[in-house]
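Those protein sequences? They're chains G and H, same order as listed. Count along the first sequence from 1, then add 6; that gives the number in the numbering used here. Count along the second sequence from 1, then add 40; that gives the number in the numbering used here.
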Amino acid sequence: MTGLLPPEAALRRLARLRLQWHVSLSMDGIGTRRGSRRGASREFLGLRPYEPGDDPRDLDRRATVRFERPHVRVYRSEREASVLLVIDTSASMGHGAPSKLAYAQALACSLAYLALAHHDRVGLVTLGNGGVRTLSAGRGRGQWPAVVRLVSGLVPDGRAALDAIPLGVVGSRIPGLVLVMSDFYPPERFVTGLKRLALCPTRVVAIQLVSPDELGPSLDGEVELVDLESGETRTGWIGSAERAHHRQALERVAGAVAAAGGRRGLTSVRLSTDVPLTRCLDEHLVRAGVLRHEVS
Amino acid sequence: VISFGNPWGLLALAALPLVVYLRRPTVGDRHLVPLLSLWRVAPPPVRSGRRRWRIDLVTLLRSLLVIAAALGLARPAWPVAVPRRHVVIIDASASMGARDAHGARVQRAVERARAHVAQMPAADEVMVIRAATSPVIVHPLSDHRDAVLVALDRVTAGSGAKDLDAAFALARAALGSATALVHVFSDVRAPDELARSGRRHGFAVDDVQLEKIGGSVPNAGIVRLASAHIAASPLDHEVLALIGNFSSRERTVDVRLRTADDRRQVQRVSLGAGERKPVVFAVAAAAWVEVSIDADGDGFSADDRAWLVLPGGPIRVCHGSGGDPFLEAALRAHPRVRLANLGHEHGACSVADADLVVLDGAAPPDDLRLPALVVNSAGDHEPRVAPLVDWNRSHPLLRQLDLGDILIPAGTGVLSASAGDVLLRSTEGIVAVAGETHGTRWLHFAFPFHRSSVIGTPVFPILIARALEWLLEEDARVRNLRPGQPLRVALAQGRSGIVTVHRPDGEVVTIEPRDRAVEFTGTTLNGLYRVEGAGTQQWFAVSLLDPEESDVDRAESPRPAFRASEPAPREHRETVRPFLAAAVPLLSLEIWMLQRRLRRDRR
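Shown next, in the form of structure tokens:
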């Protein structure tokens, strides 16, 4: 992980990058960002279906009767910006050289650094075989070592599911930005979670990490394939047709992730782990609108 | 069948399974994928062996490397056809020029040799030797068939006797220690002798194959020609021609003689079957004579003419007189002697212009190349005398002469017998010696004739006359040669310059003398050769005069089976280098492939 993490000098140079919110910047309020979650301002934004974890006080009875399904009112609130980094530590993230998890660790540290550099609150959630580990959102100097300590100890193992994130973790913190770093394998374990996140008044960015081997597999001939998570094996022949099928399957995963946002949408970014991290931050995430160059 | 010089080396092939085992599909070929469901795999094809046994290039290279090393160690040997060497010997002696109903023998020999060569495998090498008096390689050992055939076509019959033994020796010298099949095309009379010649020069009996070219050819020819002085007329000669009839019927032939000054004589002689008869002609002094026979119906003409250079003519004697009047008188008594004294102002002689030197009381110079009669008359001899006690009765000078009562002065000194034959021996030792140095004869008497009693006997003029004849006899012998014999001329002292040899066919050959001598080896034609220049003019005669060659009526043997058409012998030839040479690039390629894979894995 440390090998992938840009040196601090490079991070300082990257500090001119700032995480991008969907809301426009505002200088009033407690924080420096205006989120898309309900807040103290009670500025009504709209209605959405009720999801577990929603404050029952926000239920809109009229809408619930009209749609015959519980709906809650959504308000815009100006509050302290918060960044929640979600890292998938399942066994499939150990694939590739460097592994996708190592890349995710370095990326998470970099994003945390950028957020903390701009006085944002940073929280961390890891999804893996050991369940969900969280680091409460915080800001300031003390948060950076805590983020690094937690991230450094991650190892790929077992399976992960985004559904496992209790909405309380997300809802209680009400982050301004949720960055999910995963390969989203298998996608069905992530789609539901992404849908739930997308319903939250926050911006959800799904960063799909893939290794170069996945983008351009070189497997050929008789092979025995072993699933990293389940250990399931499959023996057979792989040729150009099979490789084409793999590419299509990979596109389907990306499509499923992107579609998980529904009408609210989410930002989906696919990153190859052979892309240098600085370039990833400076180009790919800027192009995806996750980061923006701060105007001096 | 392949054989191996070291079969144990094939044990290295046992490493092949190891190579394959090391490259077997292992855990390394199991691929961990993040999500198996993304992959669809096809079932292994059943019939497609190529796909099923997809060959890994490194494994292939390693296998080839092991195979190359194993074969290199085992030293495999393949049976390969060994190109044979053939020596085609065409007899080009005079008898091969005989013509019968089927044409010239040498032509038939060439045609049969061509047929043999055409049957030879293309890889076989052929050498062609023209076997005459002096054999010549007309085509060296090569597999160039066209050149061989051209060389064969150039072979014609010569005019000399055959010497197949020399041809075998020449073939052996050209081949070195190599073996070869020898094909001889000849009319040789004794095949056994041919086989012995081959064996003598290292050719196996089975490797010498004779195709005897023969046929019925009636022939009469001159088989010997000789001359002798007529005792009653020393300037004249008796010429003896021996005529042979080599046919099975009686024949009558006219024997003709022609002298250098075109005087002619004819004699008719009848010869029975196989009979030989001498014909004698009395000939006045002449440089040479030509004897020919009219033999109609002969199939062989090379022996119908012969030439003879006569030893006659004036003998130019250069006399270094010591004052012995009896010796001078005896010299002048010889009818052929033209005497000139050495050192006199009038009639002085030069050694260079003399045929013979008589030195009375003077030592001969060391470089004298003329026949010489040396008489030791110097010094004061004691008044007492010594009798001759022995003489060489078998020597031509002393035959039928009685020297028993001869007294010679005592104290004249004795001679050494090491240089020649002892002629006379007195009570004091050897007093007369005859010898030959560098082809030149000499006589040495250790006592002055005029102080001995020999002058008062009839023996003395006979002895002197015989001495002169004997001293010049060798000169006449060397001027009558056989084809192929070298022609040698010793130049007189002080003479130098270019010497020309006029051949019988009109060709003129210029020769540079060496060490006051000229040697000409191109005596391939029968006839008269004239040597001129450097103060000399001499005739040389080259004639066949060989009964063996004249007897051309020989049976032709059935044509033997041609051995060259047999399957070529095969030998196992070890081939190691190609395998070792192949191993080096294989190893290099394998290393390069591994490094490339390593670099790719690192990336």
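Ideal placement from N, C-alpha and C gives every residue a C-beta, glycine not left out.
When you compare only the Cα positions, how much space is there between arginine 519 of chain H and phenylalanine 580 of chain H?
-> 5 Å
What residues from chain G crowd round arginine 80 of chain H, counting only those whose CB sits closer than 7 Å?
-> Glu248 and His251
Buried/exposed call for proline 207 of chain G, threshold 16 Cβ in 10 Å = buried
Mind checking leucine 160 of chain G: buried by the 16 CB within 10 Å criterion, or exposed?
-> buried
Burial state of serine 536 of chain H (16 or more Cβ within 10 Å) = exposed
Would you identify the three-state DSSP class for threonine 198 of chain G, choosing helix, strand or coil?
-> helix
Which residues in chain H sit within 8 Å of histidine 101 of chain G, going by Cβ to Cβ distance?
-> Leu72, Val73 and Pro74
Contact list for proline 618 of chain H against chain G, beta-carbon separation under 9 Å = Result: empty, since nearest Cβ-Cβ is about 33 Å, beyond 9 Å.
Stretch-stretch touch, CB-based, cutoff 8 Å, three pairs: the stretch 109–117 of chain G with the stretch 63–77 of chain G | no
CB contact check: glycine 199 of chain G to chain H, cutoff 7 Å | no
Using a Cβ-Cβ distance under 7 Å, would arginine 240 of chain G count as near chain H?
-> yes
Where do the N-terminal and C-terminal ends of the alpha helix (DSSP H) with leucine 256 of chain G fall, by residue?
-> 246–265
Would you mind working out which of G:Thr273, G:Arg54 and G:Asp280 sits nearest alanine 294 of chain G, comparing C-alpha positions?
-> G:Thr273
Considering only the beta carbon of each residue, do leucine 181 of chain H and methionine 167 of chain H sit closer than 7 Å?
-> yes
At which residue ranges does the stretch 214–285 of chain H contain complete alpha helix (DSSP H) runs of 4 or more residues, listed in the order of the chain?
-> 231–240
Would you verify that the beta carbon of glycine 68 of chain H is, or is not, closer than 7 Å to some beta carbon of chain G?
-> The predicted model places glycine 68 of chain H with a pLDDT of 47, which falls under 50 and marks its position as unreliable, so this point remains unresolved.
Is the shortest distance between the beta-carbon of valine 263 of chain G and the beta-carbons of chain H less than 7 Å?
-> no
At which residues does the alpha helix (DSSP H) containing histidine 71 of chain H begin and terminate?
-> Run containing histidine 71 of chain H: none in the alpha helix (DSSP H); it sits in the beta strand (DSSP E), 70–73.
Closer than 6 Å by C-beta to valine 157 of chain G: which residues in its own chain qualify, once you throw out the five before and the five after it? Chain order, please.
-> Gln111, Ala114 and Cys115
Would you call aspartate 336 of chain H buried or exposed, if buried means 16 or more other Cβ atoms sit within 10 Å of its Cβ?
-> exposed
For glutamate 289 of chain G, does the count of other Cβ atoms within 10 angstroms reach 16, so buried, or fall short, so exposed?
-> exposed
Any Cβ of chain H within less than 7 Å of the Cβ of tyrosine 109 of chain G?
-> no
Just the C-alpha distance for valine 293 of chain H and aspartate 334 of chain H, rounded to the nearest angstrom, thanks.
-> 6 Å
Mind checking whether valine 186 of chain G and valine 92 of chain G have CB atoms under 7 Å apart?
-> yes
Could you run through the stretch 99–121 of chain H and flag, in chain order, every residue whose CB is less than 7 Å away from some CB of chain G?
-> none
Could you check the C-alpha separation between aspartate 545 of chain H and alanine 230 of chain H for me, to the nearest Å?
-> 33 Å
Note down, in chain order, every chain H residue with its Cβ under 7 Å from the Cβ of alanine 245 of chain G.
-> Sequence inspection shows glycine at residue 245 of chain G; the alanine mentioned does not correspond to that position. By Cβ distance, chain H contributes Ala82.
Going by other Cβ atoms of all chains shown within 10 Å of its Cβ, with 16 needed for buried, is arginine 19 of chain G buried or exposed?
-> exposed
Counting only the same chain and skipping the five closest in sequence on each side, list residues whose C-beta sits under 7 Å from that of leucine 221 of chain G.
-> Ser278
Report yes or no: is there a C-beta of chain H within less than 7 Å of the C-beta of leucine 25 of chain G?
-> no
State yes or no: is the beta carbon of glutamate 230 of chain G nearer than 7 Å to at least one beta carbon in chain H?
-> yes
Return the Cβ separation of alanine 134 of chain H and glycine 198 of chain H in integer angstroms, given the expectation that the two are a contact with Cβ distance under 8 Å.
-> 6 Å
Secondary structure at proline 119 of chain H, three-state DSSP: helix, strand or coil?
-> strand
Could you tell me which of H:Arg240, H:Val494 and H:Leu508 sits nearest to arginine 685 of chain H, measuring between CA atoms?
-> Chain H is shown from 41 up to 643; residue 685 of chain H falls before or after that span and cannot be answered.
Give the straight-line distance between the Cα atoms of lysine 106 of chain G and phenylalanine 190 of chain G, rounded to the nearest whole angstrom.
-> 11 Å
Opposing strand residues paired with asparagine 135 of chain G [DSSP bridges] | Bridge partners of asparagine 135 of chain G: none, in fact.
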